[in-house]
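If you read the sequence shown in my numbering, its first letter stands for residue 1, the second for the next number, and so on. No residue lacks a Cβ here, since even glycine has one placed at the ideal position from N, Cα and C. From a predicted model like this one, the values you see are computed outputs, not experimental measurements.
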Amino acid sequence: MSPDLRTSLITDPTNGRLPVRPETTAKAAAARAYTADHPADSWLDRSNWDRCITYHGVPPVSTGYNNTYQIFQTPNYIAILVENIHDVRVIPLDGRPQLTSEIRQWNGDSRGRWEGDTLVVETRNFRGQTQHRFPSSPETVAVERFPST
1 MSPDLRTSLI TDPTNGRLPV RPETTAKAAA ARAYTADHPA DSWLDRSNWD RCITYHGVPP
61 VSTGYNNTYQ IFQTPNYIAI LVENIHDVRV IPLDGRPQLT SEIRQWNGDS RGRWEGDTLV
121 VETRNFRGQT QHRFPSSPET VAVERFPST
């Protein structure tokens, strides 16, 4: 076992830490300052999770509770149901192109493909307001690998 107890959630870069860009640090600092001054002046001041829109986006991350994931498969789609807020991602497997970048969704636009026995899901076109549990932006591209067991 690794002495740092780090999981394999982030495998690239090898240190398991996403590089932080200066604009991401500035955005996080501005959000903290705004929240300190306006903790709940309006529903717009609340997070996506507080508003039950979506929880944390992509990739799936442990939440401490309601961690059940159900994966449904048909020949042309994979659907991933997350117990927390009951998010469902429907992932086409038929090779269709991603949506145009002018169409942005809370959890992005996912497309899947099989590489041997591993499902590879690439997600793009997140909304600017999407709140992940890691630094991100509308340009974020998340690549998930789900090996068959």
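- Residue 124 counts as buried, since no fewer than 16 other beta carbons sit within 10 angstroms of its beta carbon.
- With respect to the 8 Å criterion, residue 89 and residue 118 are not classified as neighbours on the basis of their beta carbons.
- Here the C-alpha atom of residue 106 lies approximately 8 Å from the C-alpha atom of residue 129.
- Between the beta-carbon of residue 112 and that of residue 120 there is about 7 Å, and that keeps the pair under the 8 Å contact cut.
- Residue 30 sits in a helix when the DSSP states are folded into three classes.
- The C-alpha of residue 100 lies about 22 Å from the C-alpha of residue 54.
- About 6 Å separates the Cβ atoms of residue 142 and residue 59, confirming a contact at the 8 Å cut-off.
- If one requires a minimum length of 3 residues, the beta strand (DSSP E) runs lying completely within the stretch 69-100 are 69-73, 77-82 and 88-92, in chain order.
- In the DSSP annotation of this structure, the continuous segment of the beta strand (DSSP E) that includes residue 119 starts and ends at 118-124.
- Annotation for residue 35: no residue places its beta carbon closer than 6 Å to its own, counting only its chain and skipping 5 residues before and after.
- Per DSSP, reduced to three states, the secondary structure at residue 139 is coil, with no helix or strand assignment.
- Counting every other CB atom within 10 Å of its CB across the protein chains shown gives residue 110 a total of 16 or more, marking it as buried.
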